[in-house]
Structures are given as structure tokens and as C-alpha cells.
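My numbering numbers the first residue of the sequence shown as 58 and each following residue consecutively.
A virtual CB, placed ideally from N, CA and C, is assigned to each residue, including glycine.
Working notes, beginning with the structure itself.
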Amino acid sequence: MSFETIKDIVDFNPSRPLSKGKEFPFIDMASLPVNGRDINEVSNKVFNGGGAKFKNGDTLFARITPCLENGKTAKVENLPVGCIAHGSTEFIVLSAKSKDDEDFVYYLARLPDFRSYAISRMEGTSGRQRVSWQALAEFNLRLPEKGKRKKIGKILKSLDDKIHLNNQINQTLESIAQALFKSWFIDFDPVRAKIAAKQEGKDPELAAMRAISGKNEEELQQMSEDDLAELRATASLFPDELVESELGEVPKGWFKTDLSILADLNVQSWTKKNCPEKVTYVDLSNTKWGVIQQTEEFIFEKAPSRARRVLKIGDTIVGTVRPANGSYAFIQRENLTGSTGFAVLSPKHKNYAEFIYIVATDKENIKRLAHLADGGAYPAVSYDTVLNTPCILPIENKDGVLNLFHKNIKEFYFLSASKFEENNILASIRDTLLPKLLSGELDVSGLQGEGA
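Listed below in C-alpha cells is the structure:
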């Protein structure tokens, strides 16, 4: 290893050609993950001449408080080939001088010593402190030789690639659950199938069974008797008529209600009398679009004053401050404590849990909450506004429908929970290896294969 500065392998904020007044891909600060690599949202925005400019392979490093302290750093990988994008003025762009160093540079930006160095050199007034790229460029390190840097990047990348794959699997599982919800409770496909069958003189129950299962008659005949009986019971819960309502057409016997009939609000909070010694804290800033990106461990006495909501498996949490930011999640692990900025919806019956989550976090409902939010710099909605999220359910047999809905999608959420826990383990391994690999404590010279 040789003792060098980071600027020996990194260009900071390199010049990138973009034409003013034209639209290009854009990444804002909110799109950067907390202690994660991948950027999940890229929009398009007219370039006005300011802000960061970057390409695939570059690392985006948040330079302003509290984003820097929170670990907002990402590697750009999802742009079209050859594309230059722009983003927040609060990004510092780290571009590897060699393509072989792109992964190493990203993980160098994640190195705890580098982040501590950056934080210690922040300047400005309290609450708006920033670090300059010139300060970062003077960071000294014992730099591994190029071949070893490539191996180190590959090792750490393989862990983040697995985390990324698990996240994609979870997104697919979520999409399947949402599609079933939409079919049953928004589009009323089983009801419409029955109506169409009656008009054609066919068996309405069979038509509903086909709509629910996605199978044709031949495939239905190949099902086991138990599965067929369960499918028939599910089909029987849907009527064969739609009626007009204030919401448009709804199944006969169904009514507009809200989540208050299914969920209790903010059931339990910690106090000095019942608090544990330590809490695992979930904050709004670390919870985005269904994913708890990071938790923090605190001794209760030193925890933020907001760390009070007791969270249980099956709860839905929805951020009430700036709801358009999508600070929501489905709780799938024990012993978490949430911010008082969340509305915590606890199911009155465990079989209601998934329905509550999907209704409360539906894109249209998030838009509704954002529209209702008020309060100037920190627009917010009340807890009750979240609890009163509207939905449509049968008057007489809501439990029957919800029980079967739960039975049809619970495995998706069980699998999602296992992938989430696997990601926690992978992230822990990555974060443990990172400083040991970059410091040379773990020698990679004997590793064979690509990158050797």
C-alpha cells in the first residue's frame, strides 16, 4: 500500500456537458438512499445551469447536514448508456479516474473514517453546514494497488448486488399483492365476471372462480378438491350485481367506510414508567416507500424525544409530516420503536393487517394525504386523517372477504420479511468487511477470478 490522497484516484465535480433549457434525467436529494447504494427514482427536469452533473459509475455524496450524517451516498448506475444527468446542488460528485476503480471509490465514500473526516470539516451556520469538495480532496489514505482495489470493489459489490436482488423480489411480491387487492376491492373483477356470465347464460360462480384464480376451466378441473372448495367459497363472497353509489359502481351489499373499523390508532407509547433500557428506533427519514432503510440503537434516556411509538408485527406506519415523501412501512419484525411522526395503525384482527397496509399506502391515498397536509415549512396531516382513509367493504361479511384476502397474500409478506432480514445480515457483513478491506487488514491478494 502507498500513502496518498483520494484525489489521486478521484476527480471531484468534473465538468460534464449539458445544454441549458433542455430536459435531462434528474436525481434529487430525497432519491438518495440512507446507507444504501442504489437510486430507485430518477425523474426528468429542465437543466438551468446549476447543480451536480454526473454519469453512470459516479458516486453522489451528500455534503449538507443532516444528509451527510445520515449516510446519503449512492452510486449512479441506472441512466441510459452515455447519458449525462443533473441533480441537487448539495451533491459532491466523485468520479473514478479509472473505470476499474468505480466500485472502490463508492465504498471509499462509505468508509466510516472518510465520513467522519467529512463531517469534521463542515462549515456554516448551525443546521445548514456543508463540506466542500476541496476539503474532501485532501483526505489521506493508504491506497491499495490497482488490482487489489478492483478485487475489494468486487467483493463489496457482490453483497450490495444480492441486497438489490432481494429488494427487486420484494417489489415484485408487493406488486402481486397490490394487483390482487385492485382486482378484488377496486375493479371488482369477480363481480364483473359474474355479471358477464349471467348475461351470457353461463355459470356465474365458475366465472368468478376463473377471475379470482386466473385459471381456465380445464386448469380448474386439475385442482385438488380442497383447493377447489376454497376457491368456490371465495367466489361465493362476491355478489353478482353492481349498484350506483357516491363512489361510482360498487358491489351490491358493499359500502364506503374507513380504516377505523379495522385498525386502532397509536395503541401504545413508551413512558418513563414502562420504557425498556434500549430501543431500536425507526425514523421518518430512514423509512421510504415501504422500506425501513436503517434503524438506530439508543439507550432510552438518550433517545430522541420522538422515539416513543411501540411497534408490533402487522402494524402499518405512515409518516404524517410531509406525507408526499412516502415515509411508510409494514412492520414485520419485533422490538421496534417508531417516531411520533408516524400514525401507527394496529389491526383489530391479525387478518386485517395486509389490507390496512395496502389501503393506507396506496398511491392515491398518499396523494390525498399530501393534498390535505398543511403547516408551511413542515406540512402535516393529523393522525386521524390517516386512520380515516376510505375503503369499500361488504356490510355483512367483511371478515369472510378479508380472511380470504389475508390467506391469499400472507405468504408474499412472509417471504418479503425473510428477504428483509437477509438484507440486514448482508448489510452488516458488508459494513464489517468494508474498513477491514480498505485498510488492508484483510488481504485480497490471494483471491482468484475476475478482477484478480
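Under the Cβ criterion (8 Å, minimum of three pairs), the segment 109-116 counts as touching the segment 73-81. Burial state of Asp170 is exposed, judged by a 10 Å Cβ sphere holding fewer than 16 other Cβ atoms. Three or more pairs of CB atoms, one per stretch, sit closer than 8 Å, so the segment 254-271 contacts the segment 285-293. Following the DSSP letters along the chain, one finds Asp283 inside the alpha helix (DSSP H) bounded by residues Glu282 to Ser293. Here Lys102 has Phe83 as same chain residues with Cβ atoms under 6 Å from its own Cβ, once five neighbours each way along the sequence are excluded. Here Asp456 has His406 and Asn408 as same chain residues with Cβ atoms under 8 Å from its own Cβ, once five neighbours each way along the sequence are excluded.
In this structure, Glu334 lies away from Phe355, with their beta-carbon atoms at least 8 Å apart.
Counted as a single uninterrupted DSSP element, the stretch harbouring Pro296 is not any alpha helix (DSSP H), since DSSP gives it neither H nor E. For Arg167, same chain residues with a beta-carbon under 7 Å away, outside a window of 5 residues either side, are Thr130 and Leu491 in chain order. The alpha helix (DSSP H) runs of length 4 or more contained entirely in the segment 188-247 are, from start to end of the chain, 190-193 and 203-242.
Pairing Ala234 with Cys332, the inter-Cα distance amounts to about 36 Å. Residue burial is scored here from C-beta neighbours: Gln278 has fewer than 16 other C-beta atoms within 10 angstroms and is therefore classed as exposed. Taking C-beta atoms under 8 Å as the contact rule, Asn460 and Ala87 fail to qualify, at a distance of about 38 Å. By the neighbour-count definition (other C-beta atoms within 10 Å, threshold 16), Pro201 is a buried residue.
Inclusion of Glu147 and Arg120 in the CB contact set at 8 Å is warranted, their separation being smaller than that value. According to DSSP, residue pairing for Val378 in a beta bridge involves Ala437. Listed in chain order, the non-local C-beta contacts of Gln350 below 8 Å within the same chain comprise Pro90, Val91, Asn92, Gly93, Asn343 and Thr344, local neighbours out to five positions each way being set aside. The continuous beta strand (DSSP E) containing His143 extends over residues Ala142 to Gly144. Residue Ile388 holds the alpha-carbon nearest to the alpha-carbon of Gly347 among Glu421, Ile388 and Leu136. Taking one beta carbon from each stretch, the segment 368-378 and the segment 417-431 have 3 or more pairs nearer than 8 Å; the two touch.
Between Leu426 and Ser384, the gap from beta carbon to beta carbon reaches 8 Å or more. In the DSSP assignment, the residues bridged to Thr62 are Asn197. For the pair of segments examined, the segment 473-487 was found to touch the segment 219-226: the number of CB pairs separated by less than 8 Å reaches three. Between Gly78 and the set Gly107, Ser100, Glu98 and Asn445, the nearest pair of CA atoms involves Gly107.
Just so you know, the alpha carbons of Thr489 and Leu213 end up roughly 10 Å apart. In the three-state scheme derived from DSSP, where H, G and I count as helix and E and B as strand, Val91 is classed as strand. Shortest Cα-Cα distance from Leu499 to any of Lys329, Leu393 and Arg206 involves Arg206.
Residue burial is scored here from C-beta neighbours: Ser403 has at least 16 other C-beta atoms within 10 angstroms and is therefore classed as buried. Sequence-distant partners of Arg487 (beyond 5 residues in either direction) whose C-beta falls short of 7 Å from its own C-beta, in its chain, are Leu213, Leu216 and Asp217.
In this structure, Met179 lies away from Thr116, with their beta-carbon atoms at least 8 Å apart. A contact between stretches requires three or more CB pairs, one per stretch, nearer than 8 Å, and the segment 273-288 fails this requirement with the segment 415-424. A direct Cα-to-Cα measurement between Ala286 and Lys359 gives close to 56 Å. Pairing Lys313 with Pro447 gives a Cβ-Cβ distance under 8 Å. Nearest to Glu126 by alpha-carbon distance, out of Glu421, Tyr174 and Phe161, is Tyr174. Residue pairing by DSSP puts Val67 in a beta bridge opposite Ala153. In the three-state scheme derived from DSSP, where H, G and I count as helix and E and B as strand, Gly457 is classed as helix.
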